[in-house]
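The sequence shown stops at residue 873 when you use our numbering, and every number in between is there.
Note that the Cβ used here is the ideal one computed from N, Cα and C, for glycine as well.
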Amino acid sequence: MTTTRFAPSPTGYIHVGNLRTALMNYLIARKAGGTFILRIDDTDPERSKEEYVDAIKQDLEWLGLTWDRVERQSERIDMYVDAANKLRDAGRFYEAFETPTELDLKRKKQLNMGKPPVYDRAALNLSDDEKAALRAERGDGVWRFKLNQARIEWKDGIVGDTSIDAASVSDPVLIRGDGQFLYTLASVVDDTDMGVTHVVRGSDHVTNTATQIQIMEALGFDHPEFAHHSLLTGPQGEALSKRLGTLALRDLREQGVQPMALLSLMARLGSSDPVELRGDMAELVDGFDVARFGTAPTKFDVQDLFPLTARHLQAQSAEDVKSELDALGVPADQQAAFWDVARENITTLADLQQWWALCQEGAEPLIADEDKDFISEAMTLLPEGPYDADSWKSWTTAVKDATGRKGKGLFMPLRKAVTGMERGPDMGALLPLMKVVRARG
Ligand code: GLU
C-alpha cells in the first residue's frame, strides 16, 4: 500500500517550503488511497519543542492535511539502538574522535589542495588502545557509517536517473558523542518499519538519500521510491532561505490567506500544470502527479496568494463565512445581503470590517469642491432611510431630473458622498444596508 510521510523537526514553525513537501506527500497518499503519516523528527531534545509540535499539527489541520497516523522519533530510540548494533556487527560503523575544530582544519587543507572536503577516515586506523585513550580524554566519539565507495544510483521521481559517487561524500555521523541518534539513521529505520513507499523531499536532501540508500542496504532493507523537488526562491529567483521565517504558515493565516488559495498554488507551482483555484482537496488530488514537477528552482511570490484568496472568497456563500459575519455582529437576517454586497470587494475576510462599518456608521463624505452645490441639492432629494432595493435608482433619477447631470458625472459624486470612496459595491444593493448616510447632514 502506498504510504508517505511528512517528517518535520519541531524546531520552529513550518513555512511554505515545508508545505510543498507536506502537500506532495499528502497528495500522493490520497490519490493512491494510501496512508499519510505525520512523523515528528524530535531526536534532538534541546532544539525540539512541544509548542512547535502543537503548532505543526494546527497548521496542517488548518489546511486540511489530515494524517492517518502520527509517530515520534523520540519514542522509537530502542529501534535505532538495534539498527546501530546491526551496523556495528556488519563492520559498517566506526567511532571517530575528531573535534569540530580538527575536522574544520582538515576540510580547509583539502580545499587548499583542490580536493573535495570529504572525511579522510583517519579514525579507521585507530587501534583499540588509541581509541580508549581518546575516549578517556575526550569522552565518547561519534559513530560514522562506512560508505561503500561505489556509485549510488536511483531513479528519482522528479529528477530522473540520479547517480552519486559515494567517494565524494563523507561517512555520515549517525550517533553524536552524547549518544543522540541523528535523523539520517532514525529516518531509515522509520521509513522501513512504517512501510513508507514514497519519500518526497527537497533537493537539499539528495546526498542524504544517497547515504540512506546504502544504510538501508547494509541493514538488509529495500529502499522506498525517492523524489526530490526543487527549492523555492523569491519572485526574482533570490534565495528564500532567510525569508522563510516570515513565510510561516501561521503568518499567512494571520494575513488572511485562505487554505484553498495556498493549497491550489503550492500543489501546482513548479509543475507543468497551470495554477488554478480549486474548489476542494478532491480536485487537487485528482490532477496531481509528482512527475510533472520540474527540477528548476521554483519562484514563489507571496502576493500571488491574495488574488487566489479573493477569488476563493467570492465563490463562498454567506453560510460558509457565517462565523466571520457573526463575529462582526452582522444580524442573521442581513448576512446574505451584506455578504453579496461585500464579497466582490474584499481580498481577505479582514476587509469585511470596513464594509460593515460603512453600513453601520456611514462614511465621511468625499466631495470635490466643484460638486459641493450639486451634492447639497442631491441630498435634499434623498429621503430618510431605511432604504430598499429601489432607493438608489429612484434617488439618482430624481437627482438627474433636478440637475441635468447624467452618467459618471451623476453617479460618481454621489457614490463618493455616500461611501467616502471612489470604488466599491453596487450602490443599489449597498444603500439598503446603510443605516446612516452622513452626507445627508
Ligand atoms: N526532519 C527532516 C527535515 O525536516 C526530514 C527530511 C525527510 O523528509 O526525510 O528535513
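Between which two residues does the alpha helix (DSSP H) containing S619 stretch?
615-625
Between which residues of its own chain and G711 is the CB-CB distance below 8 Å, once the five residues before and five after are set aside?
M692, A747
Beta carbon of D473: closer than 7 Å to some heavy atom of the ligand GLU?
yes
Which residue spans inside the segment 787-814 form an unbroken alpha helix (DSSP H) run of at least 4?
804-813
For V631, verify whether its CB is less than 7 Å away from any heavy atom of the ligand GLU.
yes
At what residues does the beta strand (DSSP E) containing A528 begin and finish?
525-528
State the beta-bridge partners of S595 as determined by DSSP.
E585
R682 versus L862, L492, D622, A810, residue with shortest Cα-Cα distance:
L492
Cα separation between D721 and R837?
59 Å
What does a CB cutoff of less than 8 Å around F525 pick up in its chain, not counting 5 residues either side in sequence?
A516, L519, W575, R576, F577, K578, L606
Which complete beta strand (DSSP E) runs does the segment 461-543 hold, if anything under 3 residues is left out?
467-472, 501-504, 525-528
Can you find a C-beta in chain B that's less than 8 Å from the C-beta of T594?
Included in the structure is just one protein chain, with no chain B present.
CB contact flag (F732, V448, <8 Å):
yes
Anticipated Cβ contact below 8 Å, D736 with G719, distance rounded
That pair is no contact at about 19 Å.
Starting from the C-beta of G571, find all residues in its chain whose C-beta is less than 7 Å away, skip the five residues before and the five after it, and write them out in chain order.
G609
Could you check whether the Cβ of Y512 sits closer than 7 Å to any heavy atom belonging to the ligand GLU?
no
Distance between T730 and E670 (C-alpha atoms, nearest Å)
10 Å
Would you report the Cα separation of I590 and F658, rounded to the nearest angstrom?
8 Å
Whole angstroms is fine: what's the gap from L701's alpha carbon to V707's?
6 Å
Examine the ligand GLU and report whether any of its heavy atoms sits within less than 7 Å of the Cβ of H637.
yes
Collapsed DSSP secondary structure at V762 in the structure displayed
coil
Enumerate in chain order the residues of its own chain whose CB-to-CB distance from E756 is below 7 Å, with the five nearest sequence positions on each side excluded.
L781, L784
Range covered by the beta strand (DSSP E) that runs through A659
657-661
Looking at the structure shown, is I645 part of a helix, part of a strand, or coil, going by DSSP?
helix
Give me the residue from R501, V850, E854, G856 with the minimum Cα distance to R872.
V850
For F725, write down the residues that DSSP places opposite it in a beta bridge.
S703
Work out the CA separation of Q668 and K538 for me, nearest whole Å.
37 Å
Please tell me whether, using a cut-off of 7 Å, the distance from the CB of A439 to the nearest non-hydrogen atom of the ligand GLU is below it.
yes
L617 to D752, Cα distance in whole Å?
46 Å
Closer than 7 Å to a non-hydrogen atom of the ligand GLU - does that hold for the CB of S619?
yes
Would you mind reading off the limits of the beta strand (DSSP E) that contains I632?
Reading off the sequence shown, one finds Val at residue 632, where the question assumed Ile. Run containing V632: 630-634, per the beta strand (DSSP E) assignment.
In whole angstroms, what is the alpha-carbon distance linking A830 and L813?
7 Å
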